[in-house]
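Protein chains in written order, with full-length UniProt numbering: chain A, 1 to 649; chain B, 1 to 649. Beta carbons: idealized from backbone N, C-alpha and C, even for Gly. Values in this document were obtained by computation on a predicted structure and should not be read as measured data.
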């Protein structure tokens, strides 16, 4: 197979700089900060001790300067949204801590920043930032996780006392799975249907105190403990039920809608649906953080599995007197290296996403904001599924050793498992992406439900989704310069693009058949098509982000190596979906086989660099504690070989 | 789509009887026995309490009569090997207990039965059966998990004292991950290289006492605790190191090899390799039990997810005023129903496997024994990967509720995760299957290592692997009677068969290129092909087992429903591998799309029966405790709907 150059060595520092990217300064500072604080994962503890330790660690983090990144300068923050996302990603070795930090500063603090106004900022933000005021983000209800627009908690305005009455009408409306609720939270951002003068204005957020300074729940507030979970047991999730709890009118986070003392409702945005989705849009940071953290957890798992695979030997290799290093087996490379390539691809796509989030902040550019939300939804789904699959594969690749708690993979698996569910169920998120692709991002953002898209598409043409992205101009250039084989980057890019167009066109045609009566049936029979449209779109965006990153790389050998890794991402993605490409005659059977051959050959060529490649991500060293990845296995192999070779056996 | 009949209802009792199969009487008795003993899973406990509870439960099980099934009549057992495998499968709700039972009675007791002779049977079996003598099965070493033939522990015969000296020469040779070792085991079956008169005779098993009656480790025996694991924490895994430990000559389990007082070695089997693999073959029951237990755990997870999916609603369904039941969504059906179909298929394949094991016992039919071992290896790999994937999917399908410990999926995931590794790493097992397919099952069973197969295939022709199986004659008949579309069972069967032949032929051709020097490279570059050959073989066998079961079903509607489920297994398997079928022009692009359409349609038709189908497996009711699957969700939905419809909201 005529494979392009794979360099014998590359410049690790160059690669690390490229990976650190725009927020390299934040990554460096967090690495330094973490080197100075011990933050061991507490999953060996019982639930209560684990929670207590996580809270202590959160206080250490509060003092580290890290949380300030995400807060406005007016309260002593540094207003660096991108930096705040990147800093949270740096905690993959203690995911309970990461999630608790995300709840306190990202969701709870972020909601007060984004949905509140000056009166809330002045009164609360500093205490939230310092953790003097621990809080909750109470959106999800027992009966409504994905369909948040239809949650059932009510906040009814009473003009007589100028108060809102917050109430849980029945068990399904109970706030469910609320982080920080079972033990530590004192104030909650509560999402509820706002009712005034007998009329509902849709979902709004209010600040509702839930505990006093002694940790006792307040009158009318019932808090239950969600109990033990598969992982993340350092986070105290709870259920909250409100029984006619009264809060002052000013408790409403009133940036997008307010109630005057006499009960008159006012909002700059007409339409309850659009208003709520505008609010949700301002909270997108949490979803982006989950995608980033899924990425770091994947990197940590791969570093453990690759270091072990590079030391562990099994079965004698004839003629050498030695046993074969397991990472030399094609099957082992196949398990880990395409996953490594995809991890690189997602890393660069995530960097672009965080940049957009950072640059777009308060720009008022609604179209770009919708695009950001769609991309965030898609990348979150793809990154978290990739994490679940890859960490599982790493566990298996480490055999029984991977099952021992000391080797970290068990906890990484258990902790990240819920990432595919929280901050938006992945399946629901992909539907959101598909809807975005089928509409022109105008003012149609009214519904999260699956049927939303059927209504929008009915009279619409599929929009040109191939917009200017950081990679697009490069793509055109690259497409014209390579050779005509499976390593041809231009061919790869066109293949991804063509697939996306075809899938979308077909979907639009199917959904246009919907009339009023059969909308559900039409949507439902095409649901697999809907999910595919979203997936192939994201895969194309991710490939483009990787291509753009290779082009940014200045060192020739490093760029050449990244080029091969990018080939591996592109071709293993094609291989996994070759059923579709063949079915639609986009590749010939012969080329399809060549793709598989190329993936095998790329694995072989990249294998010598695998450990250096994963190390270049520069995860803080305190997170790598697995004995199998930090020398124990290598030492054991040396002893065994010395013994096997000794004259007296 | 012209889909064959799917009946409106079916006879659950009929289906249950078919599923209970040959050991229906054992299943009934175990269900009754378990109804009388509470055996709650202890994963909410700390490690020590969990282990203590599991031991107590094991004593309850010892008294239940269940362990007797697997022991010879001579010691009070019932000599029902098949029944003993089936009975262990019935414990999916407490997998620590199942695994500890498997260690004590299956591995430890099983090794004494199979490898020992009368002197061992008389002295030990009764106490093993009653659990008066808890023991260990000490095969795996830290440095050699898969390549057991090359383990490093030695048992050197000393004619002066007529003793064996059991010794661990270095850390890699330490016995690793030994169940029952960290806390409870008193006697161990230890596998070691037997050396007498300066000559090694390969791996043999000896009985070595490791603890006294007070639980203290004996002189020369060092036992360490493996510590916390991802799951199965009720099982006390440990590491054992021997420092020149002496045991009498009679401690050797001498059925396949013995040492006379003067040190002369004698064995009925020439060749250390063949001898060891004959010994391993007698221990196959453990691997078969793991496949069966993986199946039950999958059934339990599916029952939870299907019951929840049948109650849970999300997003309003226009025109109905109700929300949509989540199992009505195609995407949800796609997650769960093909997995359910495969679970049925594997259930029937497992039943055939257990039958062969039972009937073959001590028959001396070496060829059938090799086939059994190969099939056991393949089904274990396929069943445990299916369990890992399906339980993960069930967790995700239950959203956040699936992540709560109370809903069981977390524990099922964690406990079953290691099934893909223990009792043979799945990747290594599939290589074993491929090797079996490439040789003619003669006396070539000499090596477990990957290169073994290269050597065997060099001068051999691929054997006709399509032997007489319980399904084969039916297959021929069925192949002639159906219509020519994707639902044509004959077409499906031929497609599976043709794929297997083609993959095997190609593999044999590739491996024949090996010469002495390049054997590793030739094998390694074809390793993905090797694994595929094994997989497609097992998939064909599994389909045939399902087809045979449908033919056994006497009730017309039940058979028709099973027929559709069998279609779903066949067609979703084709769909998942349509890349291969298209690449090799076994199906046209158009037929490939028809397969996907058929899978969607089958999901829609089978959906109304999903809960009844999974319930027909008849898992003991004490294992189903998840609130989301036992009424809580349904009750909540009723309350919410009543409230939503009340005039005053």
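Notebook entry, point to check: According to the neighbour-count rule (16 or more other Cβ atoms, all chains shown, within 10 Å of its Cβ), is residue 577/B buried or exposed?
Noted result: For the purposes of this step, residue 577/B is taken as the residue at position 577 of the second chain. Buried.
Counting only C-beta atoms, is residue 172/A closer than 8 Å to chain B at any point? By one-based count along the first chain, residue 172/A stands at place 172. For residue 172/A, the answer is yes, since a Cβ of chain B falls inside 8 Å of its Cβ.
- For chain B, find out if any of its Cβ atoms is closer than 8 Å to the Cβ of residue 579/A; answer yes or no. Within the first chain, residue 579/A is the residue found at index 579, counting from 1. Yes, its Cβ sits closer than 8 Å to a Cβ of chain B.
> Should residue 219/A go down as buried or exposed, given a rule of 16 or more other Cβ atoms within 10 Å for buried?
Replying inline: Residue numbering aside, residue 219/A sits at position 219 when the first chain is read from its first letter. Burial call: exposed.
Requested in this report: Taking C-beta pairs closer than 9 Å, name the residues in chain A that residue 291/B reaches, listed in chain order.
Outcome: Along the second chain, read from residue 1 onward, the residue named residue 291/B stands at position 291. In chain order: nothing, as chain A lies at least about 17 Å away.
- Message: Can you give me the C-alpha to C-alpha distance between residue 236/B and residue 134/B, rounded to a whole angstrom?
- Response: The residue labelled residue 236/B in the question sits at position 236 within the second chain. The residue labelled residue 134/B in the question sits at position 134 within the second chain. If you take the alpha carbons of residue 236/B and residue 134/B, they lie about 12 Å apart.
Verify the CB distance criterion: does residue 394/B have a CB-CB separation below 8 Å to chain A? Start at 1 with the first residue of the second chain, and residue 394/B comes out as number 394. No, no contact with chain A.
Could one say the Cβ of residue 585/A lies closer than 8 Å to chain E's Cβ atoms, at least one of them?
Looking at the structure shown, chain E is missing, and the protein chains on hand are A and B.
inquiry  = For residue 47/A and residue 255/A, I'd like the C-alpha separation in whole angstroms.
reply    = In the first chain, residue 47/A corresponds to position 47, counting from 1. In the first chain, residue 255/A corresponds to position 255, counting from 1. The alpha-carbon atoms of residue 47/A and residue 255/A are separated by roughly 38 Å.
### Query
What whole-angstrom Cβ distance do residue 325/A and residue 310/A have, given they're in contact under 8 Å?
For this step, residue 325/A is matched to residue 325 along the first chain. For this step, residue 310/A is matched to residue 310 along the first chain. That belief holds up - the Cβ atoms of residue 325/A and residue 310/A are roughly 7 Å apart, short of 8 Å.
Using CA atoms only, rank isn't needed, just tell me which of 146/B, 284/B, 208/B is closest to residue 314/A. Taking the first residue of the first chain as position 1, residue 314/A is located at position 314. Ranking 146/B, 284/B, 208/B by Cα distance to residue 314/A puts 146/B first.
In its own chain, which residues sit with a C-beta less than 6 Å from the C-beta of residue 230/B, not counting the 5 before and 5 after it?
In the second chain, counting from the first residue as 1, residue 230/B sits at position 230. So the qualifying residues of the chain are 414, 417.
message = Does the beta-carbon of residue 33/A, which I'm using as the reference point, lie nearer than 7 Å to any heavy atom of the ligand HEM?
response = This structure lacks the ligand HEM, and indeed carries no ligand of any kind.
Bridge partners for residue 188/A per DSSP, in chain order?
As a working mapping, residue 188/A is identified with position 188 in the first chain. Residue 188/A is bridged to 136/A, 208/A.
Please specify which runs of the alpha helix (DSSP H), each continuous and at least 4 residues long, are wholly inside the stretch 361-416 of chain B, giving them in chain order. 366-397, 399-403, 409-416
Classify residue 144/B as helix, strand or coil using the three-state DSSP reduction. For the purposes of this step, residue 144/B is taken as the residue at position 144 of the second chain. Reduced to three states, the DSSP call for residue 144/B is coil.
Exercise. Would you say residue 90/A and residue 30/A are within 8 Å of each other, going by their C-beta atoms?
Worked result: Here the question's residue 90/A lines up with position 90 in the first chain. Here the question's residue 30/A lines up with position 30 in the first chain. In contact: residue 90/A and residue 30/A (Cβ atoms closer than 8 Å).
Quick check for students: name the residue ranges of the alpha helix (DSSP H) that lie wholly in the stretch 42-127 of chain A, counting only runs of 4 or more.
47-63, 81-89, 95-101, 109-115
task = Tell me residue 252/A's beta-bridge partners as DSSP assigns them.
result = In the first chain, the residue the question calls residue 252/A occupies position 252. Answer by DSSP bridge pairing, in chain order: 206/A.
| Beta-carbon proximity check, residue 486/A vs residue 594/A, cutoff 8 Å | The residue given as residue 486/A occupies position 486 in the first chain. The residue given as residue 594/A occupies position 594 in the first chain. Yes, these two residues count as a Cβ contact at 8 Å.
Which listed residue (361/A, 116/A, 137/A, 159/A) has its alpha carbon closest to that of residue 265/A: Against the first chain, residue 265/A aligns to sequence position 265. The shortest Cα separation from residue 265/A among 361/A, 116/A, 137/A, 159/A belongs to 159/A.
- Query: Between residue 526/A and the rest of its own chain, which residues show a CB-CB distance below 8 Å, the 5 nearest in sequence each way excluded?
  - Reply: Residue mapping note: residue 526/A aligns to position 526 of the first chain, counting from 1. Contacts found: 507, 510, 511.
Return the CA-CA distance between residue 279/A and residue 110/A, expressed in angstroms with no decimal places.
-> On the first chain, residue 279/A is found 279 positions in, with the first residue counted as 1. On the first chain, residue 110/A is found 110 positions in, with the first residue counted as 1. C-alpha separation (whole angstroms): 11 Å.
Quiz item: Skipping 5 residues on each side, what residues in its chain have a beta carbon closer than 7 Å to that of residue 221/A?
Solution: As a position in the first chain, residue 221/A is number 221, starting the count at 1. Counting only Cβ-Cβ distances below 7 Å, and skipping sequence neighbours, we find 210, 240, 242, 245.
### Message
Assuming residue 610/A is part of the beta strand (DSSP E), what are its boundary residues?
### Response
Locating residue 610/A in the first chain gives position 610, counting from the first residue. That residue, residue 610/A, is in no beta strand (DSSP E); its alpha helix (DSSP H) goes 610-615.
Q. When the cut-off is 8 Å and only beta carbons count, does residue 572/A lie next to chain B?
A. Along the first chain, read from residue 1 onward, the residue named residue 572/A stands at position 572. Chain B contact via Cβ: absent.
Need the endpoints of the beta strand (DSSP E) that residue 157/B sits in, please.
Translated into positions along the second chain, residue 157/B becomes position 157. Residues 154-158.
Notebook entry, point to check: So is residue 96/B in contact with chain A if we call contact Cβ pairs under 8 Å?
Noted result: Start at 1 with the first residue of the second chain, and residue 96/B comes out as number 96. With 8 Å as the cut-off, residue 96/B does not count as an interface residue toward chain A.
At which residues does the beta strand (DSSP E) containing residue 225/A begin and terminate? Position 225 of the first chain holds residue 225/A. Taken as a continuous stretch (DSSP letters only), the beta strand (DSSP E) holding residue 225/A covers 221-225.
Run through chain A and tell me which residues come within less than 7 Å of residue 527/B, C-beta to C-beta.
For this step, residue 527/B is matched to residue 527 along the second chain. Ordered by position in chain A, the residues that pass the 7 Å Cβ test against residue 527/B are 329, 330, 331.
Less than 8 Å between the CB atoms is what I'm expecting for residue 206/A and residue 247/A, so what's the real figure, rounded? Within the first chain, numbered from 1, the residue matching residue 206/A stands at position 206. Within the first chain, numbered from 1, the residue matching residue 247/A stands at position 247. Right, their Cβ atoms sit about 6 Å apart.
Could you check whether residue 334/A and residue 566/A sit closer than 8 Å to each other, using their CB atoms as the reference points?
By one-based count along the first chain, residue 566/A stands at place 566. By one-based count along the first chain, residue 334/A stands at place 334. No, Cβ-Cβ distance for residue 566/A and residue 334/A is not below 8 Å.
* Asked: Are there three or more Cβ pairs, one per stretch, closer than 8 Å when the stretch 422-437 of chain A is compared with the stretch 372-386 of chain A?
  -> yes
Cutting at 7 Å between CB atoms, please list the residues of its own chain near residue 557/B, excluding the five before and the five after it. One-based indexing of the second chain puts residue 557/B at position 557. These residues qualify, in order along the chain: 7, 9, 10, 11.
Could you check where the beta strand (DSSP E) with residue 241/A kicks off and where it finishes? The residue you call residue 241/A lines up with position 241 of the first chain. First-last of the beta strand (DSSP E) with residue 241/A: 238-242.
In three-state terms, what does DSSP make of residue 315/B?
On the second chain, residue 315/B is found 315 positions in, with the first residue counted as 1. DSSP places residue 315/B in strand when its eight states are reduced to three.
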